[in-house]
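Reading through the structure tokens given below for one structure.
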Amino acid sequence: MKEKTLDHLSNFINKILIIFFLSAIPCVAFSEEKSANLIENKWSFDGIFGTFDRASLQRGFQVYQEVCSGCHSIQHLSYRNLAEEGGPEFTEDQAKAIAKQFEVIDGPNSEGEMFNRTAKLSDKFVKPYPNVEASTAANGGAYPPDMSVLAKAREGGANYIYSLLLGYEEAPVDFDLDDGVYYNKYMAGQKIKMSSPLDDDLIEYSDGTQATTEQMAKDVTTFLVWASEPHLENQHKMGFKTIIYLIILLTLVYLSKQKVWSRFDNKKDSKNEEDTFDKVEEIVTQYEGEDPKSFK
Amino acid sequence: MSEEKYIPKSKLGQWFDSRLPLLTLSHHLQAYPTPKNLNYWWTFGGILTFCLITQIITGLVLAMHYVAHVDHAFQSIEHIMRDVNYGWLIRYVHANGASMFFLAVYIHIFRSLFYGSYKSPREVIWIIGLLIYILMMATAFMGYVLPWGQMSFWGATVITNLFSAIPFVGESITTWLWGGYSVDNPTLNRFYSLHYLLPFLIFGLVILHIWALHVPGNNNPIGIDVKKNRNETMPFHPYMVMKDLTALLVFIIIFLWFVFFAPNVLGHPDNYIEANPLVTPAHIVPEWYLLPFYAILRAIPSKLGGVIFMFSAIFILMLLPWLDTSKVRSAIFRPIYKKLFWVLVFVVILLGYLGAKPPEGIYLTLSRLATAYYFIHFLILLPFLGRYEKTDPLPQSISDPVLDKPGVLEKVKKAASAYEGENVGSFK
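Chains as they are written, first to last, in the numbering used here: chain A, 7 to 302; chain B, 206 to 633.
In structure tokens, the structure reads:
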């Protein structure tokens, strides 16, 4: 009687299990609520061997310089980064020449005065506006985000930036758009205050590459990914080496462990033999009496 | 505890050991008898110790470069990522280390639940473990605030606001916690100070946790007491050390895979946006390891109720040794409990999933059901099961061949009797 109740209980629990697993299905189904699927690009920096395409980084810097930098700062990059390994790898002279185009305020000097000087390699990228408020005011109340870690600060990363740059469209007829607001199918709410920044042949690439919108979007995205993760190449290289090293070490440790444990197993066997021997001796003593000599 | 008295070999050793028995301690740690049938789920204690030490060391280095000020915190993190030598590596190890720490602690806790390691005589180990877990959550929460990103700021705002639900004194407590009238520089500073302090408290509790473990010794997958004189235990060193090391290396490989190839997947992208008190993120979510409790918090319609249920969900575990009335430890011999265990695992994961979703529609309904089930499991099902569950027969010892396969015992008995018969015959 009692066992039957328990069987029922067991069946009941099985049913609960099934119901719970089924209940997971709507969760998965409901989770598809994104505005539009991002364009999935194949990036050279993806994957464990991912590296940056130098030429693309250099072109991307040019796009940033000529198009984005009017409004967007990259406050955490320094001009010296442009010449460092794993980045666009401009020569030091090129990087110096880039820095020279900018003026920074330095000081105070020995007279207590602030003064202007041309930027050096050690300076951070000069911002287009002195502060967030100025930048917001100049851009119709929308702050153009600093691009230092932009690629890490958006769901979808590189694909998001790339998609957004190519996501400008005519707004649907019934879509309400205020002045100075544009329609972009990848932006949350489809409303963006930045007008489409790229256009075919907007700039002239110094390496002669055809400056199509897609090309520029790709290059500047690559540049921004590097800007937010300047050590990415080193990270991948080091990661690969470390993991290979650990796998070899693991193999050796595992084999040693097996060896060490086999010692215990052997010991156990010999111990068992001893136990058996003790038992046998006991029985024999019973048979032969207390005198162990007669055993022979 | 090792039975035989340890006496150092050298004269100097004896002199020192009689004044401070460090050598005895070291000998005890090496000789500590562990059941020979411990499986790989038992390696997480060592893994967790590794995690704690890693967090403390990387944290120490990060603290040398971090600036706890609302105007500089976010910038100083980027300084660490870009300009400090291998700063990116240290920070990614620390950030992912927190996630890995929780991954390991959850496995450790569920292992304990499955094999009944919280039962007599190990209740104190269990309770100390839970205290460690609570401190870990506090430490992780405060650590997440330090980068001063959007999720840092708004997470801190949401969680500290919970205390305002306490009747009468709630508002004052929140103001006291903040050191002002909103989450601001004083809050960041005290969180930094406490984030530095708590790991050392955890370290102290870990020592107590291990000490309390070494009194009764390890539980084991069979869940019956180990007979130490029957060759059922092996010394901790080198046997368990080698096994722990093997598991630790597998764990480190997974850990570093995240660090090098996906260092940000476990975090939220919004935390790379500097904190802005004027802009609220669309969804405020805590780190993944706190999500189940976040789901419980939001499942309850009243704020105070939510807070009470959320804290009860943790503190109820403290009573577990007395709520689970079954004398049988291991789920292997408890057919119904075994199923309920997996239901609980599923419900907790479901709660975690729901914690990341907005509290509306189907998500809210499901989180209410899952919350209800969580409490029913501990408060109703476990006490009931202990009384009525028909458990499978327990083996006599952990070396009993019944463990390997059902039916083997009969065969062994037959063979043994045949063998004995022969032997007895041959003696005559």
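No residue lacks a Cβ here, since even glycine has one placed at the ideal position from N, Cα and C. The structure presented is a predicted model; accordingly, all values stated were derived computationally and were not measured.
Please check the pair residue i and residue j, which I expect to be a contact at CB under 8 Å, by giving their CB distance rounded to whole angstroms.
{"i": "residue 65/A", "j": "residue 215/A", "result": "6 Å"}
{"i": "residue 263/B", "j": "residue 298/B", "result": "5 Å"}
{"i": "residue 155/A", "j": "residue 477/B", "result": "4 Å"}
{"i": "residue 291/B", "j": "residue 281/B", "result": "Incorrect: roughly 16 Å between the Cβ atoms, too far for contact."}
{"i": "residue 252/A", "j": "residue 541/B", "result": "Rounded, the Cβ-Cβ distance is 41 Å, inconsistent with contact."}
{"i": "residue 242/B", "j": "residue 443/B", "result": "Actually they are not in contact, since the Cβ atoms of residue 242/B and residue 443/B sit about 17 Å apart, beyond 8 Å."}
{"i": "residue 44/A", "j": "residue 166/A", "result": "6 Å"}
{"i": "residue 603/B", "j": "residue 431/B", "result": "6 Å"}
{"i": "residue 213/B", "j": "residue 219/B", "result": "5 Å"}
{"i": "residue 268/B", "j": "residue 349/B", "result": "The Cβ separation is near 16 Å, so there is no contact."}
{"i": "residue 534/B", "j": "residue 245/B", "result": "19 Å between Cβ atoms; not a contact."}
{"i": "residue 313/B", "j": "residue 408/B", "result": "About 17 Å separates the two Cβ atoms, so there is no contact after all."}
{"i": "residue 63/A", "j": "residue 227/A", "result": "That pair is no contact at about 11 Å."}
{"i": "residue 590/B", "j": "residue 575/B", "result": "Rounded, the Cβ-Cβ distance is 20 Å, inconsistent with contact."}
{"i": "residue 150/A", "j": "residue 200/A", "result": "7 Å"}
To which residues of the same chain is residue i closer than 8 Å at the C-beta, ignoring the five residues directly before and after it?
{"i": "residue 503/B", "result": "511, 560, 564, 569, 572"}
{"i": "residue 464/B", "result": "294, 297, 298, 301"}
{"i": "residue 484/B", "result": "355"}
{"i": "residue 410/B", "result": "333, 336, 337, 340"}
{"i": "residue 236/A", "result": "83, 87, 90, 92, 93"}
{"i": "residue 114/A", "result": "120"}
{"i": "residue 127/A", "result": "84, 85, 86, 89, 98, 101, 102, 105"}
Report yes or no: is there a C-beta of chain B within less than 8 Å of the C-beta of residue i?
{"i": "residue 249/A", "result": "yes"}
{"i": "residue 208/A", "result": "no"}
{"i": "residue 252/A", "result": "yes"}
{"i": "residue 78/A", "result": "no"}
{"i": "residue 144/A", "result": "no"}
{"i": "residue 153/A", "result": "no"}
{"i": "residue 120/A", "result": "no"}
{"i": "residue 260/A", "result": "yes"}
{"i": "residue 245/A", "result": "yes"}
{"i": "residue 111/A", "result": "no"}
{"i": "residue 179/A", "result": "no"}
{"i": "residue 266/A", "result": "yes"}
{"i": "residue 263/A", "result": "yes"}
Ignore the nearest five residues each way along the sequence and tell me which others in residue i's own chain have a CB closer than 6 Å to its CB.
{"i": "residue 186/A", "result": "146"}
{"i": "residue 95/A", "result": "60"}
{"i": "residue 254/B", "result": "none"}
{"i": "residue 211/B", "result": "229, 232"}
Should residue i be flagged as near chain A, meaning a C-beta pair shorter than 8 Å?
{"i": "residue 606/B", "result": "Caution is warranted here: a pLDDT of 48 is assigned to residue 606/B, below 50, making its placement in the model unreliable, and the coordinate value is therefore given only provisionally. Not closer than 8 Å to any Cβ of chain A, the Cβ of residue 606/B fails to qualify, so no."}
{"i": "residue 443/B", "result": "yes"}
{"i": "residue 255/B", "result": "no"}
{"i": "residue 427/B", "result": "no"}
{"i": "residue 451/B", "result": "yes"}
{"i": "residue 433/B", "result": "no"}
{"i": "residue 475/B", "result": "yes"}
{"i": "residue 341/B", "result": "no"}
{"i": "residue 466/B", "result": "yes"}
{"i": "residue 216/B", "result": "no"}
{"i": "residue 461/B", "result": "yes"}
Just to confirm my understanding: we take residue i, look at its own chain, exclude 5 residues before and 5 after, and list those with CB closer than 7 Å. What are they?
{"i": "residue 233/A", "result": "80, 83, 153, 154"}
{"i": "residue 170/A", "result": "190, 192, 193"}
{"i": "residue 68/A", "result": "209, 211, 212"}
Measuring only between beta-carbons, confirm whether residue i sits less than 8 Å from chain E.
{"i": "residue 160/A", "result": "Among the chains of the structure shown, chain E does not appear; the protein chains present are A and B."}
Subject >> Minimum length 4: unbroken alpha helix (DSSP H) runs contained in the segment 379-447 of chain B >> reply: Listed in chain order, the complete alpha helix (DSSP H) runs (minimum 4 residues) inside the segment 379-447 of chain B are 390-419.
Original post:
Hey, which unbroken runs of the alpha helix (DSSP H) at 4 residues or more fall wholly within the segment 168-193 of chain A?
Top reply: List check, alpha helix (DSSP H) in window: nothing returned.
Original post:
Between the segment 238-256 of chain A and the segment 100-111 of chain A, are three or more C-beta pairs nearer than 8 Å?
Top reply: Result no; under three Cβ-Cβ pairs closer than 8 Å.
Original post:
Which runs of the beta strand (DSSP E) spanning at least 3 residues fall entirely within the segment 108-175 of chain A, listed in chain order?
Top reply: If one requires a minimum length of 3 residues, the beta strand (DSSP E) runs lying completely within the segment 108-175 of chain A are 109-112, 121-124, in chain order.
**OP:** Say whether the segment 228-246 of chain B touches the segment 428-440 of chain B, bearing in mind that this needs 3 or more beta-carbon pairs closer than 8 Å, one atom from each stretch.
**Re:** Yes, the segment 228-246 of chain B is in contact with the segment 428-440 of chain B.
Original post:
Can you find at least 3 beta carbon pairs, one from the segment 324-339 of chain B and one from the segment 413-432 of chain B, that sit closer than 8 Å?
Top reply: Contact holds: three or more Cβ-Cβ distances are below 8 Å.
**OP:** Give a yes or no on contact between the segment 544-554 of chain B and the segment 507-523 of chain B, applying the rule of three or more CB pairs nearer than 8 Å.
**Re:** With the cut-off at 8 Å, the segment 544-554 of chain B and the segment 507-523 of chain B do not touch.
Original post:
Enumerated in chain order, which unbroken segments of the beta strand (DSSP E) with a length of 3 residues or greater are wholly contained in the segment 258-289 of chain B?
Top reply: Counting whole runs of 3 or more residues, the segment 258-289 of chain B contains no beta strand (DSSP E) stretch at all.
**OP:** Decide yes or no for the touch test of the segment 45-56 of chain A against the segment 199-214 of chain A: beta carbon pairs closer than 8 Å, at least 3 of them.
**Re:** By the Cβ test, the segment 45-56 of chain A is not in contact with the segment 199-214 of chain A, since fewer than three Cβ pairs between them sit closer than 8 Å.
**OP:** Could you tell me whether the segment 257-272 of chain A touches the segment 121-135 of chain A, using the rule of 3 or more Cβ pairs below 8 Å?
**Re:** They do not touch, by the three-pair rule.
Original post:
Are the segment 520-537 of chain B and the segment 391-400 of chain B touching by the rule of at least three beta carbon pairs closer than 8 Å?
Top reply: At 8 Å Cβ cutoff, the stretches do not touch.
Subject >> Every unbroken alpha helix (DSSP H) within the segment 192-267 of chain A, with a cutoff of 4 residues, ordered by chain >> reply: If we require 4 residues or more, the alpha helix (DSSP H) runs fully inside the segment 192-267 of chain A come out as 219-234.
Original post:
Could you give the uninterrupted runs of the alpha helix (DSSP H) lying entirely in the segment 449-507 of chain B, keeping only those of 4 residues or more?
Top reply: Listed in chain order, they are 496-504.
**OP:** Could I get the ranges of all uninterrupted beta strand (DSSP E) runs contained in the segment 302-335 of chain B, with 3 residues as the minimum, in chain order?
**Re:** Secondary structure within the segment 302-335 of chain B: not one fully enclosed beta strand (DSSP E) run of 3 or more consecutive residues is present.
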